[in-house]
Amino acid sequence: MRHSSKITALAISSIAFLLCAPPAIGETTNAVFASQNPAGSNSVASFVQNPRTGRLSFVGEYATGGTGDTSIQANQSHALASNGRHLFVTNAGDDSISVFTIKRGGKLSLKRTYQSAGINPVSLAVKGDRLLVVNQGSGESFGGNIRVFQIKRSGSLSRIRSAHFDYLSSDVPVEVIVNSRNNLFSVARSGANSLDFFKLNNDGTIVRTDTVVGIQDPLGGVMKTSPQTIALYTLPDEAQPGVTSIYVSGEGKALYQHQEVREDLQDPCWAAIHRDQRRLWLSSFKTRALSLYTISDSGAMTAVSDYITQTTGPGSVDIATDKAGRFLFRLRAFQAPTGSGPVQPYVDTLKIQDGSSRNAGLALTDESVLPVSWSSSAPTGILAVQVQSD
Numbered sequence: 003m004r005h006s007s008k009i010t011a012l013a014i015s016s017i018a019f020l021l022c023a024p025p026a027i028g029e030t031t032n033a034v035f036a037s038q039n040p041a042g043s044n045s046v047a048s049f050v051q052n053p054r055t056g057r058l059s060f061v062g063e064y065a066t067g068g069t070g071d072t073s074i075q076a077n078q079s080h081a082l083a084s085n086g087r088h089l090f091v092t093n094a095g096d097d098s099i100s101v102f103t104i105k106r107g108g109k110l111s112l113k114r115t116y117q118s119a120g121i122n123p124v125s126l127a128v129k130g131d132r133l134l135v136v137n138q139g140s141g142e143s144f145g146g147n148i149r150v151f152q153i154k155r156s157g158s159l160s161r162i163r164s165a166h167f168d169y170l171s172s173d174v175p176v177e178v179i180v181n182s183r184n185n186l187f188s189v190a191r192s193g194a195n196s197l198d199f200f201k202l203n204n205d206g207t208i209v210r211t212d213t214v215v216g217i218q219d220p221l222g223g224v225m226k227t228s229p230q231t232i233a234l235y236t237l238p239d240e241a242q243p244g245v246t247s248i249y250v251s252g253e254g255k256a257l258y259q260h261q262e263v264r265e266d267l268q269d270p271c272w273a274a275i276h277r278d279q280r281r282l283w284l285s286s287f288k289t290r291a292l293s294l295y296t297i298s299d300s301g302a303m304t305a306v307s308d309y310i311t312q313t314t315g316p317g318s319v320d321i322a323t324d325k326a327g328r329f330l331f332r333l334r335a336f337q338a339p340t341g342s343g344p345v346q347p348y349v350d351t352l353k354i355q356d357g358s359s360r361n362a363g364l365a366l367t368d369e370s371v372l373p374v375s376w377s378s379s380a381p382t383g384i385l386a387v388q389v390q391s392d
């Protein structure tokens, strides 16, 4: 019996060591980035995930070289984009885009900033060696636009001047999402209650292929790319909160639409899709809820369940899934409801429970606090990128 006890104790000790041990050098893991967006100098926070425990460790805060704009109030979901080697970040305060090199362990090195060729850049998307930039405009006399930049191997950007699309000041473009399987992409115009669809040509130019009107206040979006192209957008409208899906042909024509309305969602603003292309999560600010939907091949959506951890504290803001489909990361910021004072934001790490229909198929793994200085800013986006461990 004593011999058996020693073996058991040794086994337990070994398991504990494996769970607590740091990742091996060169092991693949996730880096998680969030953008600060203050009234002054902007920055990005970086975390690296322990592949064994799932917990995040704070790597550092990196100045973007640009300024933020708190008036955005987190109402954008793709303030950051990446091609795996570089991180691109919007600076809405001085109309610029920052380019970082992503290093081992989630460390960042700022290369430089580039003018966004518009006013108030709010959303980015990477498609191959192209960076799509949506500038929102001033909302008064200057309209928004879409601009396209070539991403060179070094990460530097070169604007393709023949590639552009201009909007009216009343359109208020807020979001761009891309299709990983073909050259289609979509832009939401919350001011015009419309969704636009485009083709990105090989020379970098863009052509609008279709527009869907009557979409009340579209905001955050994702693209389902298998087996068909389906654009999914959140609808934070108070009268009809929910999510809509648009089935899109290979030529960029909107064929038909599904819409799911749930009054109890209360301002679902952000979305993330699983790598299986069949699970969709919505993030609702006021209720601090994450809501799971399943998506059919036609784009029809079915509500599964909700994950609500707290009824006080920071609101549920932007969300992102990792490439492997194992985790969902959530940015929590601002007091909900707003106007009740500053609050220190943080990042939730949630394990995706395959096959589970309870609690939106999620289990909380970790809560990682962002710098205290971020309490007075307006954090706008979150992104997970695969990196090598130090």
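Numbering of the sequence shown is given in the working numbering, commencing with residue 3 and proceeding in unit increments.
C-beta: ideal position from N, C-alpha, C; glycine also.
- A buried status is given to residue 233, since no fewer than 16 other beta-carbon atoms sit within 10 Å of its beta-carbon.
- Classified as exposed, residue 209 has fewer than 16 neighbouring CB atoms from the shown chains inside 10 Å of its CB.
- Under the three-pair Cβ rule at 8 Å, the stretch 147-164 does not count as touching the stretch 213-231.
- The criterion of a C-beta distance shorter than 8 Å is not satisfied by residue 95 and residue 62.
- Ranked by Cα distance from residue 266, the options 292, 187, 34 are led by 292.
- Going by DSSP, residue 166 is part of the beta strand (DSSP E) stretching over 159-168.
- Contact check for residue 127 against residue 178 passes: the beta carbons are separated by less than 8 Å.
- Taking the CA atoms as reference points, residue 287 sits about 39 Å from residue 204.
- In the three-state reduction of the DSSP assignment, residue 41 falls in the coil class, being assigned neither a helical nor a strand state.
- The beta-carbon distance between residue 201 and residue 254, rounded to whole angstroms, is 5 Å. This is short enough to meet the 8 Å contact definition.
- Comparing alpha carbon positions, the residue from 374, 392, 370 closest to residue 35 is 370.
- Comparing alpha-carbon positions, the option among 391, 229, 386 lying closest to residue 83 turns out to be 386.
- Assigned with DSSP and collapsed to three states, residue 280 falls in coil, not helix or strand.
- At the C-beta level, residue 294 and residue 329 stay beyond 8 Å of one another.
- Annotation for residue 90: the continuous beta strand (DSSP E) segment containing it runs 88-93.
- The beta carbon of residue 151 lies closer than 6 Å to those of 133, 159, 161 in the same chain, with the five residues before and after it left out.
- Counting other Cβ atoms within 10 Å of its Cβ, residue 81 reaches 16 or more and is therefore classed as buried.
- The stretch 42-66 contains, as complete beta strand (DSSP E) runs of 3+ residues, the segments 43-51 (chain order).
- Rounded to the nearest angstrom, the Cβ distance from residue 43 to residue 76 is 18 Å, too far for a contact under 8 Å.
- DSSP places residue 267 in the helix class (H, G or I) of the three-state scheme.
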